[in-house]
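What follows is a set of notes on a single structure, which appears directly below.
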Amino acid sequence: MSKFIINGGKKLVGEVNISGAKNATLGIIAAAIMTDEDVILDNIPDVEDVNIMLSAIEEMGGEVKRITRNKVHIFAKNANATMANAKNLSRIRASYYFVGALLSKKKQAVVRMPGGCSIGERPIDLHLKGFKSLGAECEVKDGFIIAKADKLTSDNIYIDIVSVGATINLILASVMAEGTTVLENVAKEPHVVDVANFLNSMGANVKGAGTDTIRIKGVPYLHGTTYTIIPDQIEAGTYMTIACATEGDIIIKNIIPKHLDSISAKLIDMGNNVVEYDEAIRVIGCERQFPTTIKTLPYPGFPTDMQPQITVLLSIANGESNVTESIFEDRFKYIVDLKKMGAQIEQRSTSLNIKGIEHLKPASLMSPDLRAGAALVIAALMTKGESTVDRIEYIKRGYENIFGKLKELGADIREEN
Numbered sequence: 010m011s012k013f014i015i016n017g018g019k020k021l022v023g024e025v026n027i028s029g030a031k032n033a034t035l036g037i038i039a040a041a042i043m044t045d046e047d048v049i050l051d052n053i054p055d056v057e058d059v060n061i062m063l064s065a066i067e068e069m070g071g072e073v074k075r076i077t078r079n080k081v082h083i084f085a086k087n088a089n090a091t092m093a094n095a096k097n098l099s100r101i102r103a104s105y106y107f108v109g110a111l112l113s114k115k116k117q118a119v120v121r122m123p124g125g126c127s128i129g130e131r132p133i134d135l136h137l138k139g140f141k142s143l144g145a146e147c148e149v150k151d152g153f154i155i156a157k158a159d160k161l162t163s164d165n166i167y168i169d170i171v172s173v174g175a176t177i178n179l180i181l182a183s184v185m186a187e188g189t190t191v192l193e194n195v196a197k198e199p200h201v202v203d204v205a206n207f208l209n210s211m212g213a214n215v216k217g218a219g220t221d222t223i224r225i226k227g228v229p230y231l232h233g234t235t236y237t238i239i240p241d242q243i244e245a246g247t248y249m250t251i252a253c254a255t256e257g258d259i260i261i262k263n264i265i266p267k268h269l270d271s272i273s274a275k276l277i278d279m280g281n282n283v284v285e286y287d288e289a290i291r292v293i294g295c296e297r298q299f300p301t302t303i304k305t306l307p308y309p310g311f312p313t314d315m316q317p318q319i320t321v322l323l324s325i326a327n328g329e330s331n332v333t334e335s336i337f338e339d340r341f342k343y344i345v346d347l348k349k350m351g352a353q354i355e356q357r358s359t360s361l362n363i364k365g366i367e368h369l370k371p372a373s374l375m376s377p378d379l380r381a382g383a384a385l386v387i388a389a390l391m392t393k394g395e396s397t398v399d400r401i402e403y404i405k406r407g408y409e410n411i412f413g414k415l416k417e418l419g420a421d422i423r424e425e426n
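Structure, rendered in structure tokens:
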């Protein structure tokens, strides 16, 4: 396992370019196999989850060519296998998108059950229920999701719980179904909209993404396309929090400021200075954070993927804060490490009561998952003295070149195996 060794307490200053949205890219890569023509994707992040999805396409018989680090050519005409069987697929959550994509294109799919970070229950029941509504037979057997249909026909589908994964998967499954499918109570996240826009660029007819209801008129086939992925909302939010945590001054570039509204609002509420530009945002951290109350909610609410990062910042706020996690019930594993650093945090079921202290103390830390790992890096950056953050493989699943970007901002950081 690799680790970061961080000598913290330094103000980070400068500019950082945000990579493409990981969560959008994963759905779009799966969707790319739905056409027999060339697909070129630009602004993809070079992170482990994305590379696993691309490798899976190659194992299915498709062709994947890196044009640059962040641009890829996919040609899936010869991807005749219906089984997405790459063993690494069990390490990531997004493997289930191949079910919707293969079911739509080939009317059958056998895909490894998803893995990913252990942050709470993320059942696939909503996905399977939706596939069945479209006319597919589905089961989970021997670690695989198995789905097949003679044909897929449209239906009105109400998603019982707002779910990004189920929303994207059911869009994928519906784009070549007969008739018009209506999805209600859908997720509105920017990466859902990006997947829909990508499919439309291939000739799909998806309307309403970003609202409560999505209507999908089935088409007989999809054609090739060239498409640029949106910037990563969570990576941007993480660097915004780093600026605040280190009393720094960072310009975060290549972003869509509207996607960051809920994060910006909270950071301003905590006393920081946030200035928006057309495709950038400048964050100047204040000397001492004000306490606040946060509840994670589906977009456009405060994102669950930013909860650990903001909690670290609140641990040194001048007063008492409360954080409620309403999306994933097991997302507080990093609290043990924060307490090792002196944080005064009490967990009450899915809520945290945080009594801010003046500063944390250095410690040896262990990443329990992707976003918690990023949060512990922030904790180390804002703490005077040397801290280590172990198991950084988790962090690299979602943050492209985080080591290099932090070094350019002035962090005293090194990596060791």
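Residue numbering for the sequence shown follows my numbering, beginning at 10 and increasing consecutively. Where is the CB? At the ideal position from N, CA and C, for every residue including glycine. Owing to the predicted nature of the structure, the values given are computational and were not obtained by experimental measurement.
Contact between the segment 210-225 and the segment 353-369 is absent: fewer than three C-beta pairs spanning the two stretches fall below 8 angstroms. Spanning the alpha carbons of Gly17 and Ala65 requires a straight line of approximately 39 angstroms. By the C-beta density criterion, Asn214 is exposed, having fewer than 16 other C-beta atoms within 10 angstroms. Taking a contact as a CB-CB distance under 8 angstroms, the pair Asp58 and Gly407 counts as one, their CB atoms being some 7 angstroms apart.
Non-local C-beta neighbours of Ile387 in its own chain, meaning closer than 8 angstroms and more than five positions away in sequence, comprise Thr247, Thr250, Ile251, Ala254, Gln318, Val321, Leu322, ordered along the chain.
Here the C-alpha atom of Lys116 lies approximately 34 angstroms from the C-alpha atom of Pro309.
Here DSSP, grouped into helix, strand and coil, assigns Phe299 to coil. Secondary structure of Thr190 (DSSP, three-state): strand. Taking a cut-off of 8 angstroms on C-beta distances, the segment 258-270 does not touch the segment 395-410, as fewer than three cross pairs fall below it. The residues Pro240, Asp241, Glu244, Ala245, Tyr248, Ile261, Lys262, Asn263, Ile264, in chain order, have a CB closer than 8 angstroms to that of Ile27 in the same chain once the five nearest residues on each side in sequence are set aside.
Beta-bridge partners assigned by DSSP to Phe337: none are found. Counting only runs of 4 or more residues that sit fully inside the segment 191-267, the alpha helix (DSSP H) segments are 199-210, 242-254, in chain order. Taking a C-beta distance under 7 angstroms as the contact criterion, Ala40 and Leu179 do not qualify as a contact pair.
The Cβ neighbour count for Lys74, taken over all protein chains shown within 10 Å, is under 16; the residue is labelled exposed.
In the pairwise beta carbon analysis, the segment 193-210 is classified as not touching the segment 138-148: fewer than three pairs are separated by under 8 angstroms. The C-alpha of Leu390 is placed about 13 angstroms away from the C-alpha of Leu347. Closest in C-alpha terms to Gly144, from the list Lys150, Ile154, Asp159, comes Asp159. Counting the other CB atoms within 10 Å of its CB gives Lys393 a total below 16, which places it among the exposed residues. Here Gln316 is buried: its Cβ has 16 or more other Cβ atoms, across all protein chains shown, within 10 Å. In this structure, DSSP gives Ala41 a helical state, which the three-state scheme calls helix. Collapsing the DSSP output to three states places Gly23 in a strand. Secondary structure remark: continuous alpha helix (DSSP H) runs of at least 4 residues inside the segment 126-166, in chain order: 134-142.
Unbroken beta strand (DSSP E) stretches of 3 residues or longer found wholly inside the segment 57-101: 72-77, 80-84, given in chain order.
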